[in-house]
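Inspection log for the structure reproduced underneath, given as structure tokens.
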Amino acid sequence: MRDVGYLRVGDTAEALTAAARPGARLIAGGTELVNLLKERIEQPDLLVDISRLPLTDITVGPDGLHLGALARMSDVAAHPEVRSGYPAIAQALELSASPQLRNMATMGGNLMQRTRCPYFRADHDLPCNKRRPGSGCSAIDGDHRAAAIFGASESCVATHPSDLAVALVALDAQVRTTARTLPARDLHRLPGDQPHRDTVLDHGEMILGIDVPVSPPSAYLKVRERGSYEFALVSVAVAAETSGGVIRTARAALGGVAPKPWPLDVDLAGVPLRRDELRAAIAPAFAAARPLPGSEFKIELAQRAVVRALTKPIGLMGET
Amino acid sequence: MSRLDAWAKASGEARYVADMVLPGMLHVALVRSAVQHGRVRRVDSEQARAVEGVVGVFTADDVNRNTYGRSVRDIPILAGEKVRFVGERVAVVVAESRRAAEAAAALVEVEYDDLPAVTSAEEAIAQGAPLVHDAPWEYAGAAISQEDGHNLQSRVTEGSLTEVEAALGGAEHVVDRTYSTSSGHQGYLEPQACVASVEDGRVRLWVTNKSPYRLRTQLADCLGLDPASIEIEPVLLGGDFGGKGSPMDAPLCVELSRLVGRPVKLVLRYVEDLTATNPRHPARIHVRVGCDREGRLTGMALRALLNGGAYGGFKPLADVNLHGIEDCAMAYRVPALFVESTIAYTNTVPRGHMRSPGAPQAIFAVESALDELAAEAGLDPVDLRRRNLPRTGEPSSHGTTWLEARGLETLEAAVKHARTEQPEVPPGWRHGEGVAVYVRGLPGPPVTSVRLVPAPEGRVRVEVPIPETGTGSHTMVRNRLAAELGIDPEQVEVVQVSTEELPIDPGVGGSRVTVGMSEALGRAAEAWRRGGGDEPVAVELRPGDSAASAPVVCYCAQVAQVAVDPVTGQVKVLEVLSSVDVGDIINPAAHQMQIDGGAVMGYGFACLEDLFEEDGQFWAANLGEFKIPSTNDLPRLRTVLVEGGQGVTSANVKPVGELANVPTAAAIANAVAAATGCRIRDLPITSEKVFWAIEEESAR
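Chains as they are written, first to last, in my numbering: chain A, 1 to 320; chain B, 321 to 1020.
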């Protein structure tokens, strides 16, 4: 690690001033940024420690759920009303990282985490447009098993690793920042020819909180190869109202398949909760999939995961 | 009875090599090759030298040009005119702080002329392949000759292929299959580290090495020093699993301390451990095996081709091979057996030893092939094994007649207990059960030394030559000596002493510690009692001194229960039951830990672990990417001890450390095949391999 300045701020105004400085980077739980520093992936000049700001609230009201940007993953996941009213969020959090990390990591930090693409994280100096703009993409011709099947570009095929973000998109959440309020589904951007930019946030812009409207029953399903401390090969969050075995309304989003949480934009109203009908209903959303040879399996896997998430008793803890 | 090292480790008081501080100590950072194979054209260290705190930047020109190794001495201290793998040491920075050393190392510019590279064993042995070493047979300790072919570290054959082919010609059923395994890492948590101090011609070393007496010889051989001038100090090791047996960076650190005239310290970053030390050999194993109408094996030919990486010097055996390959069929009666094990040089990280070297790869192949043969012959896989396990008094397939052959009992116990308690299978998932068997012989006759010294308040201090690697060996020593002397274990102090203090020991490894220490402690206790316990007693077991080398083997049979999700291909290992052939057990908790830890390691090898090798380098740069099992993944572990076995030494022991990790992968692969009808012959068994196999099967 090289020398880096450190400033702990006491209020949001102070944070904003500091964060606006060139080379400044916000730090809260530090579970992601410290890794990026150690691996020399990020080399900020100043760390602005916002962990003492009063943004740790978890409130459930008639208009929905409000999460402060600094609420800890473990606290949100354990909150009884989150568990009962927004199970997809609690499940997505509990299936993330490890207990030690969840005790430190925050809501805002979780959304800001960066891809796990091995070339982005590699110790060697390898082409990676996300890490070194213009250097190329090693994954396209290399190991791209974990690569995106939607939304990738010739510059980058990395996926976004957050489980929480996928649940938030399915639950139609809004993200509040110091500059604006935007739908969770618009927070992360597609790589295009600028894959080094993961989100639409500007330099110095800070996430303040997350607002989730009252949600129909929801669930999060994560398919991964290890039972803990493991990112999704494919994940799916669903929020659905059903009656008599037929979907009335449903929203779903996929994780592990795109550079951002991928909304499953198909109308499922009126579709019976049966495998074949569901497969037929979601199939059009997969027509746009553009896998690489090694990530092709994700197309089938993702569709099966969606069917399973919808047909399992809603609210069941996401099993892997 | 708690473990001696438990409190220090749990409280953080334990001190490892990385914690060592000596007065005036400098820090070392390595500059590693960025290319697989290339001539070093230029090393520009000007910018690095200008970094504040840098004491020196050194290349091969500055250090001893002799090569080193555990058996074949083919490893340069720093790469000279050419580099042979990504990660090889090319230059080194010594500085006042680790930070300065690392910052400067990043500024060293190395220019290479790329050479054509070979990254797989198959490529390496092909006609006309680029040469990793021009004349590998010229290295001291080389196990091959010029006539053997190019890019070979070693080739070992046993038996006659002609006889096997004749036997298979008359067989009722024959299967012919190829299996492969990936590169894995030992996964110890403590990084490789070395502190070296050279002062007035005396060398002192604190190093993450489990074979200090051998290390002393290896250093002396390489650096042309008198072994008596080298002292390896006692250390606590934070895990080994086979990865801490080589000199690694010790010769370099000795040279650096000599050059700068101050002690130096090198602690690898874990990414260096994962990508540039001495991980497990990936293997491609071809098995041809046949049986008669009754399911009796008639012949087996196994040919293994292993990727040994750029250097063979991290393997300790004189044949530079892995005996686990040679012993692949020892569990059964095989009338005609041919085994060939070839290890190739490639432009990849040098491979070394990992827990029961070669056996996990070979047994995965053999035990998978036996299930495939059983299917071919229409036999139950357990039945096929029953018909081929030798009984006491019969010679094994390798010709030895053991004191006892308890394979059948061990297998029956495994199957009986596995079937009394079936695990719960998630709805919609398919269940499968798989069996695999492994047998392991004893290490050679014990060679070691210990000393008992009277300590205050009637206590006994036992000085041992081996470090505690994390297995509980020092606790075993305490318990064993207390039992021999009939005293309270609390009255026994166990200390590792430096190489100055005791004469001989081959180090931890080869499952030899409990056997060797039991023998030495038995003799020491006898002398102690004779002498009344007033005087120190030293015992030295030299080669040929000991009777503790009876033809004793230990069987381990495992039954794996898996559930496979036909929708995603996900494999859940529900249970691994280990049935283990044992003698007497000195410390039941430590013994059980070896079995449980073994099964977990076997599970990781089967289902998860892969360093993601591509273009000769590894992509798994940390323990998030290199997936060893987490607690959440663990199958239920059950153990059945098949007691009453005849062991060795006055303690009647059998080794257990390299047993339960071996058959697990085949047991799991066999269970997956039973659940799905799909045979995965390439480890690890990932969900997508299973997914596609199921897809193909259902498309058929």
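Ideal Cβ positions, reconstructed from N, Cα and C, are used throughout, including at glycine.
Here the structure is a predicted model, which is why all the values come from computation and not from measurement.
Take proline 677 (chain B), set aside five residues on each side of it, and the residues of its chain with a beta-carbon closer than 6 angstroms to its own are Leu642 and Gly644, in chain order. Annotation note: the segment 737 to 777 of chain B contains no uninterrupted alpha helix (DSSP H) run of length 4 or greater. Between leucine 47 (chain A) and chain B, the shortest Cβ-Cβ separation is not below 8 angstroms.
The three-state secondary structure of glycine 619 (chain B), taken from DSSP, is strand. Using a Cβ-Cβ cut-off of 8 angstroms, leucine 301 (chain A) counts as an interface residue toward chain B, since at least one Cβ of chain B sits closer than that to its own. For phenylalanine 1011 (chain B), the enclosing alpha helix (DSSP H) covers residues 1007 to 1019. Between glycine 373 (chain B) and the set B:Tyr388, B:Arg393, B:Gln356 and B:Ala425, the nearest pair of CA atoms involves B:Ala425. For proline 396 (chain B), the secondary structure class from DSSP, reduced to helix, strand or coil, is strand. Take the alpha-carbon of glycine 344 (chain B) and the one of lysine 38 (chain A): they are about 27 angstroms apart. Straight across, the Cα-Cα distance linking leucine 979 (chain B) with leucine 728 (chain B) is about 16 angstroms. Contact annotation: in the segment 217 to 231 of chain A, residues whose CB is within less than 8 angstroms of a CB in chain B are Val223, Glu225, Arg226, Gly227, Ser228, Tyr229 and Glu230.
Taking a contact to require three or more Cβ pairs closer than 8 angstroms, the segment 780 to 795 of chain B and the segment 825 to 833 of chain B qualify as touching. Burial is judged here by how many other beta carbons sit within 10 angstroms of a residue's own beta carbon; proline 710 (chain B) has at least 16 and is buried. Scanning chain B for C-beta atoms nearer than 7 angstroms to the C-beta of proline 118 (chain A) yields Phe932, Trp939 and Glu945, reported in chain order. The Cβ neighbour count for aspartate 593 (chain B), taken over all protein chains shown within 10 Å, is at least 16; the residue is labelled buried. The alpha-carbon separation between aspartate 141 (chain A) and alanine 158 (chain A) amounts to approximately 13 angstroms. For arginine 248 (chain A), no Cβ of chain B is located within less than 8 angstroms of the residue's own Cβ.
Residue state for cysteine 648 (chain B) is assigned as coil, using DSSP reduced to three classes. Residues of the segment 985 to 1013 of chain B with a C-beta less than 8 angstroms from any C-beta of chain A: Thr1006, Ser1007, Glu1008, Phe1011 and Trp1012, listed in chain order. Counting C-beta pairs closer than 8 angstroms gives three or more between the segment 429 to 448 of chain B and the segment 344 to 356 of chain B, which meets the contact rule.
Glutamine 890 (chain B) belongs to the set of residues whose beta carbon lies under 8 angstroms from a beta carbon in chain A. Classified as buried, glycine 903 (chain B) has 16 or more neighbouring CB atoms from the shown chains inside 10 Å of its CB. When beta bridges are read from the DSSP output, lysine 892 (chain B) appears opposite B:Ala883. In this chain, the alpha helix (DSSP H) harbouring alanine 425 (chain B) covers 418 to 427. For leucine 586 (chain B), not one C-beta of chain A is nearer than 8 angstroms to its own C-beta.
For leucine 324 (chain B), no beta strand (DSSP E) encloses it, and the DSSP letter there is neither H nor E. If you check the CB distance, alanine 985 (chain B) and cysteine 998 (chain B) do not come in under 8 angstroms.
According to DSSP, residue pairing for tyrosine 6 (chain A) in a beta bridge involves A:Leu47. Between histidine 160 (chain A) and lysine 260 (chain A) the beta-carbon gap is near 5 angstroms, inside 8 angstroms, which marks them as a contact. Note that the C-beta distance between alanine 621 (chain B) and serine 500 (chain B) is not below 8 angstroms. Among the residues facing chain A, threonine 528 (chain B) is not included, as its CB has no counterpart in that chain under 8 angstroms away.
Residues of the segment 138 to 167 of chain A that bring their beta carbon within less than 8 angstroms of a beta carbon in chain B comprise Gly142, Asp143 and Arg145, in sequence order.
Under DSSP, proline 183 (chain A) forms a beta bridge with A:Gln174.
Residue pairing for cysteine 137 (chain A): DSSP places it in a beta bridge opposite A:Cys128. Using a CB distance cut-off of 8 angstroms, aspartate 276 (chain A) does not count as an interface residue toward chain B. In this structure, A:Ile207 is the residue among A:Ala285, A:Ile207 and A:Asp186 with its C-alpha nearest to the C-alpha of leucine 67 (chain A).
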